[in-house]
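This report concerns only the one structure given below.
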């Protein structure tokens, strides 16, 4: 176990605790503090010095010891110290008997020799007041009204040692509000009372009295609205401030008079056209009157008079709203009844007509003041149309296209009836829709469109609409021509009529399909002596193609979905005419012609080889044409050899050819346009050696070999 600690100092600053200081003991992990006094005992464990024992009784003498603790156990208690706890705080009661004083009282504290009480403003202003006494109450005077004060009280013993203190905040009651003012709220029977705020006031009470009637309101602001006052009455108003300390003295009362009552028995009459007379009864306490006359367009005029009638100018089609107010020094009287007077409406102006279609007109006009409904009548073409509506617009339907109508608009009001006779307006309807009769093709890119003209004066616009774009033509007659229409395209053709009155509905659409486009590029390639491959680019709008080669010796043709074709039965060495037809999905055909084609020269026949000498070979054939030139090629493992005779000859010789090898022999005509032909038949010969220098030429084909 650790050594015994030694207490350096022990003291009490609070009535419920003692603080102990000691020297640290080597090897101690903690310390146990013990306080014993009478029937009171307390113990606590701390890590190091200083330590505090809590839960003690006030003004009690304790024996305090310290023991050190570690894993080996506890030490013996230290030599004790006697320490007495300080006095408990007094239980204080605080109040504000007047607006400039605070009274403090408390219960007696055992063994206390005296008490000290201090007071200071909570906001730190002013100086601190402090008094000491052996009594249990005292009063602080000459304080600031409405201020919040902090009071601290404690007891001390015979040695002058202070005990626990008690702190409390107390506010003095406020001063009476000053500068009380009253203002009326916009002439209504409501008044606003305001005053200068007084320090420390939490709420204010406002008392309003008139004869035996007394009303009271409470508020936390520095103003109050007094509602529901009686017109033509006198009132007295006083204001008192309040806080938790109590009320202030009432402020000096303010007297006021309310606004006059609203005028009654108001009459309005139109004594002559264009003049209105407004009259009313006299109002008690009314010093003068103001009459407001506001028309329904927002314009307002007024008349200020001390009499009981006023004159105003009026206009047709107006509704007038009339109010009469009485005034005195308090302000304007409450709103009375608002009267209205409506004069007969004027004829509608701002007439506008819009053509919606050949049989429909949209008519609108400026709204007429005082009008409650409108009647629109259209006459023309042997018939009439009538429209009634409350809106300043009307749609006249079931009219005849390309016809002039006389349109009249009349305004009505409930009090005064219809407006005066109004002038009619002449409005033509839109042209009638044309009907396309025929579409013809003057050329692949020029289209003629004809229609039935059914308007007196109109310009017709024809539109061809398709994926390729829009094409237009215009005419005042019954036909027009669409030019530069692209091939291989589908269009929807419609026509409209235009006139100063507007535009007709479009005619029914008529489909138009132009012939497919001819392919721009065509390539002919001879595959064999009797077969030619033809290929071409895509022709827009084409679904199938018919390709043909024609000559006096015959014709080759194919019909395909593709952009290529193999033509057989081709005669060699023949000039052909090349043609192609592009056919659309609906069967529309475009005939296309191209540059002529010459098939390749014919391959020779009867190709044979003969020995000329020990190292010479002659190649012999039957020519397809006397003027044709040929070339003979021999290919073997020991070398490649060729010869070309003069034009007209059908053989040529090759010298210094090695024997003992197999040769592939091809004889092909020579052309001037390109490389020699590759599809002439091949023959295989074996050139053998006999002895040292003599050999045989043997044909190695499908038949038996021959010695030549």
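Numbering (our numbering), first residue to last: 3 to 710.
Where is the CB? At the ideal position from N, CA and C, for every residue including glycine.
Keep in mind it's a predicted model, so treat the numbers as computed, not measured.
Where residue i falls: helix, strand or coil (DSSP)
{"i": "residue 311", "result": "strand"}
{"i": "residue 316", "result": "coil"}
{"i": "residue 137", "result": "coil"}
{"i": "residue 587", "result": "coil"}
{"i": "residue 91", "result": "coil"}
{"i": "residue 520", "result": "coil"}
{"i": "residue 391", "result": "strand"}
{"i": "residue 159", "result": "coil"}
{"i": "residue 5", "result": "coil"}
{"i": "residue 510", "result": "coil"}
{"i": "residue 254", "result": "coil"}
{"i": "residue 82", "result": "coil"}
{"i": "residue 298", "result": "coil"}
Between the CA atoms of residue j and residue i - distance to the nearest angstrom
{"i": "residue 354", "j": "residue 306", "result": "43 Å"}
{"i": "residue 611", "j": "residue 603", "result": "23 Å"}
{"i": "residue 547", "j": "residue 531", "result": "24 Å"}
{"i": "residue 689", "j": "residue 608", "result": "19 Å"}
{"i": "residue 518", "j": "residue 549", "result": "15 Å"}
{"i": "residue 348", "j": "residue 319", "result": "5 Å"}
{"i": "residue 439", "j": "residue 487", "result": "20 Å"}
{"i": "residue 655", "j": "residue 637", "result": "15 Å"}
{"i": "residue 214", "j": "residue 110", "result": "52 Å"}
{"i": "residue 113", "j": "residue 24", "result": "30 Å"}
{"i": "residue 198", "j": "residue 182", "result": "7 Å"}
{"i": "residue 514", "j": "residue 357", "result": "31 Å"}
{"i": "residue 195", "j": "residue 249", "result": "19 Å"}
{"i": "residue 545", "j": "residue 473", "result": "24 Å"}
{"i": "residue 222", "j": "residue 17", "result": "43 Å"}
{"i": "residue 62", "j": "residue 37", "result": "11 Å"}
{"i": "residue 346", "j": "residue 314", "result": "17 Å"}
{"i": "residue 120", "j": "residue 158", "result": "14 Å"}
{"i": "residue 186", "j": "residue 258", "result": "10 Å"}
{"i": "residue 624", "j": "residue 525", "result": "32 Å"}
{"i": "residue 408", "j": "residue 291", "result": "52 Å"}
Residue i and residue j closer than 8 Å at C-beta
{"i": "residue 453", "j": "residue 436", "result": "yes"}
{"i": "residue 176", "j": "residue 148", "result": "yes"}
{"i": "residue 414", "j": "residue 373", "result": "yes"}
{"i": "residue 634", "j": "residue 667", "result": "yes"}
{"i": "residue 51", "j": "residue 6", "result": "no"}
{"i": "residue 573", "j": "residue 593", "result": "no"}
{"i": "residue 499", "j": "residue 464", "result": "no"}
{"i": "residue 485", "j": "residue 448", "result": "yes"}
{"i": "residue 276", "j": "residue 316", "result": "yes"}
{"i": "residue 202", "j": "residue 144", "result": "no"}
{"i": "residue 230", "j": "residue 165", "result": "no"}
{"i": "residue 631", "j": "residue 652", "result": "no"}
{"i": "residue 184", "j": "residue 227", "result": "no"}
{"i": "residue 124", "j": "residue 72", "result": "no"}
Residue environment, residue i, which counts as buried when at least 16 other CB atoms sit within 10 Å
{"i": "residue 322", "result": "buried"}
{"i": "residue 43", "result": "exposed"}
{"i": "residue 172", "result": "buried"}
{"i": "residue 278", "result": "buried"}
{"i": "residue 390", "result": "exposed"}
{"i": "residue 705", "result": "Its pLDDT being 34, under 50, residue 705 is placed unreliably in this model, and the value from its coordinates should be taken loosely. Residue 705 comes out exposed."}
{"i": "residue 98", "result": "buried"}
{"i": "residue 93", "result": "exposed"}
{"i": "residue 457", "result": "buried"}
{"i": "residue 74", "result": "exposed"}
{"i": "residue 417", "result": "exposed"}
{"i": "residue 404", "result": "buried"}
{"i": "residue 521", "result": "buried"}
{"i": "residue 445", "result": "exposed"}
{"i": "residue 639", "result": "exposed"}
{"i": "residue 605", "result": "buried"}
Cut-off 7 Å between Cβ atoms - residues of its own chain near residue i, not counting five sequence neighbours on either side
{"i": "residue 234", "result": "260, 262, 263, 286, 287"}
{"i": "residue 272", "result": "278, 316"}
{"i": "residue 511", "result": "494, 495, 496"}
Same chain, Cβ closer than 8 Å to residue i, five either side skipped, listed in chain order
{"i": "residue 697", "result": "For residue 697, the predicted structure reports a pLDDT of 41, less than 50, and the residue's modelled location is therefore unreliable. A value from the coordinates is still provided. Contacts found: 613, 616, 661, 662, 689, 690, 691."}
{"i": "residue 361", "result": "399, 400, 401, 402, 403, 431"}
{"i": "residue 102", "result": "143, 144, 145, 146, 147, 174"}
{"i": "residue 576", "result": "553, 555, 600, 601"}
Beta-carbon contacts of residue i that lie in its chain and below 6 Å, excluding the five residues immediately before and after
{"i": "residue 583", "result": "548, 591, 593"}
{"i": "residue 383", "result": "402, 405"}
Proximity test, residue i beta-carbon vs the ligand HEM heavy atom, cut-off 7 Å
{"i": "residue 653", "result": "This structure lacks the ligand HEM, and indeed carries no ligand of any kind."}
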